[in-house]
Amino acid sequence: MAKEISKEEKIVNYAKNYLGTPYQYGGTTPRGMDCSGLIQTSYYQYGIKMPRSTKGLLKAGKRKPLRKAKVGDLVFFRTSKRSRKKNHVGIVTKVNGDAVDFIHSSTSSGVIISSTENPYWNKAFAELRRYIK
Numbered sequence: 001m002a003k004e005i006s007k008e009e010k011i012v013n014y015a016k017n018y019l020g021t022p023y024q025y026g027g028t029t030p031r032g033m034d035c036s037g038l039i040q041t042s043y044y045q046y047g048i049k050m051p052r053s054t055k056g057l058l059k060a061g062k063r064k065p066l067r068k069a070k071v072g073d074l075v076f077f078r079t080s081k082r083s084r085k086k087n088h089v090g091i092v093t094k095v096n097g098d099a100v101d102f103i104h105s106s107t108s109s110g111v112i113i114s115s116t117e118n119p120y121w122n123k124a125f126a127e128l129r130r131y132i133k
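full-length UniProt numbering numbers the first residue of the sequence shown as 1 and each following residue consecutively.
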């Protein structure tokens, strides 16, 4: 019997449709997508309304330690050299022990999959939040 795909896996699979989409501030379409737009668009596809901004996303969900990450959780980062604010977000696509792979829209590369095993993302990691029980 085939394993049923969880809602979280469906969200991740939907987000992967946007791989290669260029970054566009405020974007929510295949022509251009920003990080929180990718979250909102992907979750909305499965009936979950999410805040539109990284700041709004930080006020929702339940904070979890990275070691308890699950596919579909959101990872938040501090990527600005001038501010300590959490300003970037991605969706966990795979758990690798104490590290995670995540899909996100980066200003330099558009929608890509990265890992917290990468020193840049490891240092920038700020928190993990869960939105689906």
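Here a beta-carbon is modelled for each residue, glycine too, at the ideal position from N, C-alpha and C. Only a predicted model underlies this, so the values are computations on that prediction, with no experimental measurement involved.
Neighbour-count burial assignment, residue i, 16 or more Cβ in a 10 Å radius
{"i": "residue 109", "result": "exposed"}
{"i": "residue 120", "result": "exposed"}
DSSP-derived helix/strand/coil call for residue i
{"i": "residue 126", "result": "strand"}
{"i": "residue 63", "result": "strand"}
{"i": "residue 94", "result": "strand"}
{"i": "residue 25", "result": "coil"}
{"i": "residue 56", "result": "helix"}
{"i": "residue 105", "result": "strand"}
{"i": "residue 32", "result": "strand"}
{"i": "residue 11", "result": "helix"}
{"i": "residue 19", "result": "coil"}
{"i": "residue 112", "result": "strand"}
Sequence-distant residues of its chain with Cβ nearer than 6 Å to residue i (five each side left out)
{"i": "residue 21", "result": "30, 33, 110 and 111"}
{"i": "residue 76", "result": "86, 89, 126 and 127"}
Contact set for residue i: own chain, Cβ-Cβ below 8 Å, skip 5 residues either direction
{"i": "residue 65", "result": "128"}
Cβ distance (whole Å) where residue i is taken to contact residue j below 8 Å
{"i": "residue 4", "j": "residue 72", "result": "Not a contact, Cβ separation roughly 15 Å."}
{"i": "residue 91", "j": "residue 74", "result": "6 Å"}
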